[in-house]
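Single-structure report; data block below.
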Amino acid sequence: MKLLIRCITLSLIFMYCFNGAVNAEVLPKTKPEKVGLSGDRIERIDKALTSWVNDEKIAGAVTMIARHGKIAHIGVYGSQDREAGVPMSEDTIFAIASMTKPITSLAVLMLYEEGHFLLSDPISKYIPAFENMRVVLPGYEDSEDPPTVPAKRPITIRHLLLHTAGLSYGSGAHAIHYRKAGISELRSPEHTIEEMTLAIVKLPLLFHPGDDYCYSLSDDVLGYFVEVISGMPFDQFIEERIFKPLGMNDTSFYVPEDKKHRLAALYQTLEDSSLEKRPPNKKDMSKPSEQRHFSGGGGLYSTVYDYALFCQMLLNGGELNGVRLVSRKTVEMLSANGIGDIDPKLREGGDKWGLGGVSVRTKYFTDVSILPPGCYMKTGAYTTHFWINPSDDMFGIFMIQLQPLNWDLMHLYMVLGTQAITD
């Protein structure tokens, strides 16, 4: 038995070292000065994050700045689990919530590139239940049985990618309808994304498709759409078509038992600004056989290194380490303003929304960030974030586990990363 345990332990160590070696080969570490960054200015990141831990704004974090295909800075701060005395580490696993959306959008666009559909196609062509959608009349959004009118136009795949379909997350004025339909319950591990989608189609839309923007469950619907088009379960599709080719070995909808010791605890900021550790959610406690809900809008777990591979692939124009997932033109499309003059009222520091499940910077010097136009980014509900800056060939990743989402810390990190550029 001791020999068996020793063999298993050595195998796990080898697997971790091998994965780390692969990541190091694809994204090697370098000194900041070799990629046009100031080492002294990079140290401001360490000072800020250390102070956030010491001031108990956060329990811990892992951050990364990469430029010209090399990691110029990786920071590890505080605790993965403060109460258990587990320090944060470079391979800590985080629930990345809405940072799942760009991965889902990429899956859709991969199938689009293969000629399976046009973005202008009605989603009802592939999911017939979306036919004959209706829109609630203005002023009756919070009515239990509101008057509705037929939608002026069908929901297209493009509308879903851009969150202009008229769906929502079931908050605000739309809450009563989503609550009545039990959408929250249908987002739990035992229900499929098909079941949730077929419940959503019975609800009235907030507005006519294409007329406005509302952050929504569109990416969850798109996850089911990927299943319909590919004939594969959504989790299997992104595992086979995205994660394995890129080497994202720690990214999935479920944290295996042998990796749960690396899962960061989730904390909540209380009214007195103190931190309280939250109990594990139902999904974290479930077994693989119980996990049936693969949320395209927010279900993935990942690490800073894994997500860095995804960011570098996008920064490279759709290719990484000899593996091409999409064309350069598709990356340009997914990272461009797709909603025109519509104001999405984003808080991420971007100005518009793109087909890639990202907010897109279209003007200089917003109130919260010094990122230039052309940058795109995404934030997760547990205070995880990434930004990609194509014009300066760099990206940054910031991972914490904290609710409610702390926008100020995330915006400060974008400033800290960008101010280090010297060339």
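All letters in the sequence shown, in the order written, are residues 50 to 472 by this note's numbering.
Here a beta-carbon is modelled for each residue, glycine too, at the ideal position from N, C-alpha and C.
Owing to the predicted nature of the structure, the values given are computational and were not obtained by experimental measurement.
**According to DSSP, residues forming a beta bridge with Gln452** = Note: Gln452 is bridge-paired with Gln317 in the DSSP secondary-structure output.
**Message:** Within the continuous alpha helix (DSSP H) that includes Lys378, where are the two ends?
**Reply:** Counting along the chain, the alpha helix (DSSP H) containing Lys378 begins and ends at Arg377 to Leu383.
**Asked** According to DSSP, what are the bridge partners of Pro199?
**Response** Answer is Arg183.
**Request:** Specify, as a first and last residue, the run of the beta strand (DSSP E) that Val111 falls within.
**Result:** Per DSSP, Val111 belongs to the beta strand (DSSP E) from Gly109 to Arg116.
**Request:** Identify whether Ala121 lies in helix, strand or coil by the three-state DSSP scheme.
**Result:** The three-state secondary structure of Ala121, taken from DSSP, is strand.
**Item:** Sub-8 Å separation of Pro258 and Ala214 beta-carbons
**Value:** In contact: Pro258 and Ala214 (Cβ atoms closer than 8 Å).
**Asked** Taking one C-beta from the region 199-213 and one from the region 392-411 each time, how about it: are there three or more such pairs within less than 8 Å?
**Response** Touching, yes.
**Prompt:** Do the region 295-309 and the region 111-125 touch if we need at least three Cβ pairs shorter than 8 Å?
**Reply:** Contact fails: fewer than three Cβ-Cβ distances are below 8 Å.
**Item:** As assigned by DSSP and simplified to three states, the class of Lys174
**Value:** Three-state result, Lys174: helix.
**Message:** By alpha-carbon positions, which one of Ala133, Pro77 and Lys96 ends up nearest to Leu312?
**Reply:** Restricting attention to Ala133, Pro77 and Lys96, the CA atom closest to the CA of Leu312 is found in Ala133.
**Request:** State the Cα-Cα distance for the pair Val71 and Ala230, rounded to the nearest angstrom.
**Result:** Note that Val71 scores a pLDDT of 43, beneath 50, so its modelled location is shaky; the value from the coordinates is reported in the next line. Distance between the alpha carbons of Val71 and Ala230: 46 Å.
**Request:** Spatial neighbours of Thr197 within its chain, please: CB distance less than 7 Å, with the 5 preceding and 5 following residues excluded, ordered by chain position.
**Result:** So the list reads Arg183, Val184, Val185, Leu186 and Pro253, once near-sequence residues are dropped.
**Message:** Please state the DSSP three-state secondary structure of Arg228.
**Reply:** Look at Arg228 here: in three-state DSSP terms it is helix.
**Contact check, Glu139 vs Ile120, beta carbons under 8 Å** = Contact flag unset, no.
**Item:** Coarse secondary structure for Ala214, derived from DSSP in three states
**Value:** Note: Ala214 maps to coil in three-state DSSP.
**Request:** Identify which residue in Phe447, Phe143, Phe343 and Tyr354 has its Cα closest to the Cα of Pro282.
**Result:** Considering only alpha carbons, the answer is Phe343.
**Message:** Looking only at its chain, what residues have a beta carbon closer than 8 Å to the beta carbon of Leu358, apart from the 5 residues adjacent to it on each side?
**Reply:** Apart from the 5 residues on each side of it in sequence, Leu358 sits with its Cβ closer than 8 Å to the Cβ of Asn72, Val75, Leu76, Leu295, Gly296, Met297 and Leu369 in its chain, given in chain order.
**Request:** Output the distance between the C-alpha atoms of Arg327 and Gln285, rounded to the nearest integer angstrom.
**Result:** Approximately 30 Å between the Cα atoms of the pair.
**Item:** Proximity of Tyr316 and Ala97 at Cβ, strictly below 8 Å
**Value:** No, they are not a contact pair.
**Which of helix, strand or coil DSSP assigns to Asp37** = For residue 37 there is no data in the structure shown, the boundaries of the chain being 50 and 472.
**Asked** If you draw a straight line from the alpha carbon of Leu349 to that of Val277, how long is it in whole angstroms?
**Response** Rounded to the nearest angstrom, the gap between the Cα atoms of Leu349 and Val277 is 20 Å.
**Request:** Please report how far the alpha carbon of Cys263 lies from the alpha carbon of Pro195, in whole angstroms.
**Result:** So the two alpha carbons sit approximately 19 Å from each other.
**Request:** Say whether the region 419-436 touches the region 81-95, bearing in mind that this needs 3 or more beta-carbon pairs closer than 8 Å, one atom from each stretch.
**Result:** Because the criterion of three Cβ pairs below 8 Å is not met, the region 419-436 and the region 81-95 do not touch.
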